[in-house]
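Visitor: Structure incoming, see below.
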Amino acid sequence: MPCDPYTELEYFHTIARMVECVEKNVADLVLMGIKPTYPSAKYGYVVPFAEGEKYQIVKRFTEKPDVPTAEKLLEEGAYWNGGVFAFRLGYMMQIVRKYMQSENFEDTRARYSEFPKISFDYEVAEKAESVAVVPFNGEWKDLGTWNTLTDELHHASIGNAVMGIIARIHMS
499 MPCDPYTELE YFHTIARMVE CVEKNVADLV LMGIKPTYPS AKYGYVVPFA EGEKYQIVKR
559 FTEKPDVPTA EKLLEEGAYW NGGVFAFRLG YMMQIVRKYM QSENFEDTRA RYSEFPKISF
619 DYEVAEKAES VAVVPFNGEW KDLGTWNTLT DELHHASIGN AVMGIIARIH MS
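Just so you know, the sequence shown maps onto residues 499 to 670 in my numbering.
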């Protein structure tokens, strides 16, 4: 789960619905879909087959396309990938075995540094054959950039911060 979303309580209820999908074997991999507000090259896109009430089966997943491709994906009803994934441990162990022979979770954890440095989104989500998306329609922002973060900081709460080369003249 990402560490920097600006969101509301319903976000966590959506995660619970993702877990329900895993428990009911809806798909091997379950993603959270965020309703996009603009075409962006910063996010992955989840294209569902059709609208569903609680979840939708995914037609395809495209990680960080260029903006023109993102515009086309939005026309197809795509969601942004919210970066939250739900799956059974056995499913993940099958994927792990593509990269190393491991007998159990503890062995895999001990050898974690041996894994190739590849994005989960590119290596797993884009290639997965059994995927569902649970839509989240509430307020959501990725606070991964200073611009987005400062948009949410309405008032200075603890002093001032300056980034870059500065000339400091008596500040209080």
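Note that CB positions come from ideal geometry on N, CA and C, so glycine has one too.
Just so we're clear, the structure is a prediction, and the values are computed from it rather than from any experiment.
Keeping to the same chain, check which residues put their C-beta closer than 8 Å to that of S538; ignore five residues upstream and five downstream.
Guide: Along the sequence shown, read from residue 1 onward, the residue named residue 538 stands at position 40. The residues are V565, A568 and W578.
Visitor: How big is the Cα-Cα spacing for Y458 and E521?
Guide: The structure shown does not extend to residue 458, since the chain is modelled only from 499 through 670, so no value can be given for it.
Visitor: Alpha carbon to alpha carbon, how far is T535 from A576?
Guide: Counted from its first residue, the sequence shown places residue 535 at position 37. Counted from its first residue, the sequence shown places residue 576 at position 78. The straight-line gap from Cα to Cα measures roughly 11 Å.
Visitor: Distance, Cα to Cα, L507 vs G636?
Guide: Taking the sequence shown and counting its residues from 1, the one referred to as residue 507 is at position 9. Taking the sequence shown and counting its residues from 1, the one referred to as residue 636 is at position 138. Distance between the alpha carbons of L507 and G636 is about 9 Å.
Visitor: Note down the Cα distance separating R609 from Q599, rounded to an integer number of angstroms.
Guide: The sequence position of residue 609 within the sequence shown is 111, counting from 1. The sequence position of residue 599 within the sequence shown is 101, counting from 1. R609 and Q599: Cα-Cα distance of roughly 10 Å.
Visitor: Report back the beta-carbon spacing between V629 and L529 to the nearest angstrom; my notes put them in contact at under 8 Å.
Guide: Position 131 of the sequence shown, counted from the start, is the residue given in the question as residue 629. Position 31 of the sequence shown, counted from the start, is the residue given in the question as residue 529. About 7 Å; that satisfies the 8 Å criterion.
Visitor: Can you name the residues that DSSP bridges to A584?
Guide: As a working mapping, residue 584 is identified with position 86 in the sequence shown. According to DSSP, A584 bridges with V528.
Visitor: For a quick check, are the C-beta atoms of V632 and G531 less than 8 Å apart?
Guide: The count along the sequence shown starts at 1 and reaches residue 632 at position 134. The count along the sequence shown starts at 1 and reaches residue 531 at position 33. Yes, the Cβ-Cβ distance between V632 and G531 is below 8 Å.
Visitor: Could you give the first and the last residue of the continuous alpha helix (DSSP H) run that contains I555?
Guide: On the sequence shown, residue 555 is found 57 positions in, with the first residue counted as 1. I555 -> not in any alpha helix (DSSP H); beta strand (DSSP E) instead, spanning Q554 to T560.
Visitor: Specify the secondary structure class of Y597 as computed by DSSP and reduced to three states.
Guide: Taking the first residue of the sequence shown as 1, we reach residue 597 at position 99. Coil, per DSSP.
Visitor: Tell me which residue opens and which closes the beta strand (DSSP E) that Y543 is part of.
Guide: Taking the sequence shown and counting its residues from 1, the one referred to as residue 543 is at position 45. Where Y543 is concerned, the enclosing beta strand (DSSP E) stretches over Y543 to P546.
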